[in-house]
Amino acid sequence: MSNTIQEQQKLAAELIDRFVIDLWRSQVIYAAAKLDIADYLAIRPMTIDELAKHAGADATSIYRLLRALIPFNYMEREGTDRFRLTEKGNLLRENVPHSVKHSALVLAGDELPIFTKLPQAIQTGKAVSESLFG
16 MSNTIQEQQK
26 LAAELIDRFV
36 IDLWRSQVIY
46 AAAKLDIADY
56 LAIRPMTIDE
66 LAKHAGADAT
76 SIYRLLRALI
86 PFNYMEREGT
96 DRFRLTEKGN
106 LLRENVPHSV
116 KHSALVLAGD
126 ELPIFTKLPQ
136 AIQTGKAVSE
146 SLFG
């Protein structure tokens, strides 16, 4: 290996950045799916207050969630006070062709505790789902 220490440090930083961003992205998508954000925005573009009312959520927190979804191209601003779905965001809706909503809910929500127990499963050779879910 001819990597310098600086190159290795850069690679390590990129790897951890990617890991953190991917984990963060999965949880942002999970939250949007769990709160049915895409389904509400499919009705029409909405203001933060309108969307918060539909979702039964805090308006400031909904605003932060939508801002977190924009860089990943799930939502976009319409004017200064409304948000709308993108084509990609449309896939987070219920009952649309190729919807990924339930996959997001399962993989980033219900199944996440199983993945955190992966080292234990590998060590013991036993499934951990029973110990987690009974």
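For what it's worth, the numbering used here labels the leading residue of the sequence shown as 16, then goes sequentially.
Built from N, CA and C at the ideal position, the CB exists for glycine as well.
Model, not experiment: these values are computed from the prediction.
Quiz item: Where in the segment 70-130 do unbroken runs of the beta strand (DSSP E), each at least 3 residues long, occur, reported from the N-terminal end onward?
Solution: Secondary structure within the segment 70-130: the beta strand (DSSP E) runs of 3 or more consecutive residues, fully enclosed, are 90-93, 97-100 (chain order).
Quiz item: Per DSSP, which one or two residues make a beta bridge with Thr-62?
Solution: Residue mapping note: residue 62 aligns to position 47 of the sequence shown, counting from 1. According to DSSP, Thr-62 shares a beta bridge with Arg-97.
Quiz item: Is it the case that the Cβ atoms of Arg-108 and Ala-53 are separated by a distance below 8 Å?
Solution: As a first step, residue 108 must be located in the sequence shown, where it is residue number 93. As a first step, residue 53 must be located in the sequence shown, where it is residue number 38. Between Arg-108 and Ala-53, the C-beta spacing is below 8 Å.
Quiz item: Since Leu-30 is in the alpha helix (DSSP H), which residue starts that stretch and which ends it?
Solution: In the sequence shown, counting from the first residue as 1, residue 30 sits at position 15. Segment 20-49, the alpha helix (DSSP H) holding Leu-30.
Quiz item: Rounded C-beta distance between Leu-122 and Lys-132? I'm assuming under 8 Å.
Solution: As a position in the sequence shown, residue 122 is number 107, starting the count at 1. As a position in the sequence shown, residue 132 is number 117, starting the count at 1. Not confirmed; about 15 Å, so no contact.
Quiz item: Nearest CA to the CA of His-117: which residue from Ile-44, Gly-140, Gln-21, Ala-83?
Solution: Taking the sequence shown and counting its residues from 1, one reaches residue 117 at position 102. Measuring from the Cα of His-117, the nearest candidate turns out to be Ile-44.
Quiz item: What are the boundary residues of the alpha helix (DSSP H) that Ala-136 is part of?
Solution: Residue numbering aside, residue 136 sits at position 121 when the sequence shown is read from its first letter. Secondary structure note for Ala-136: its alpha helix (DSSP H) is the uninterrupted segment 133-139.
Quiz item: Helix, strand or coil for Ala-57 per DSSP?
Solution: For the purposes of this step, residue 57 is identified with residue 42 of the sequence shown, where counting begins at 1. In the structure shown, Ala-57 sits in a helix (DSSP, three-state: H, G or I).
Quiz prompt | Buried or exposed (CB count within 10 angstroms, at least 16 for buried), Glu-126 | solution = If you number the sequence shown from 1, residue 126 lands on position 111. By the C-beta density criterion, Glu-126 is exposed, having fewer than 16 other C-beta atoms within 10 angstroms.
Exercise. Count the other C-beta atoms from every protein chain shown that fall within 10 angstroms of the C-beta of Ala-47, then say buried if there are 16 or more, exposed otherwise.
Key: Along the sequence shown, read from residue 1 onward, the residue named residue 47 stands at position 32. Counting C-beta atoms within 10 angstroms of its own C-beta, Ala-47 has 16 or more neighbours from the protein chains shown and is therefore classed as buried.
Quiz prompt | Residue from Gln-42, Gln-24, Ile-85, Arg-99 with nearest C-alpha to Ile-58 | solution = As a first step, residue 58 must be located in the sequence shown, where it is residue number 43. It is Arg-99 whose Cα lies nearest to the Cα of Ile-58.
Quiz item: Just the Cα atoms here: how many angstroms apart are Ala-28 and Asp-96?
Solution: Walking along the sequence shown from the start, residue 28 turns up at place 13. Walking along the sequence shown from the start, residue 96 turns up at place 81. Rounded to whole angstroms, Ala-28 and Asp-96 show a C-alpha spacing of 36 Å.
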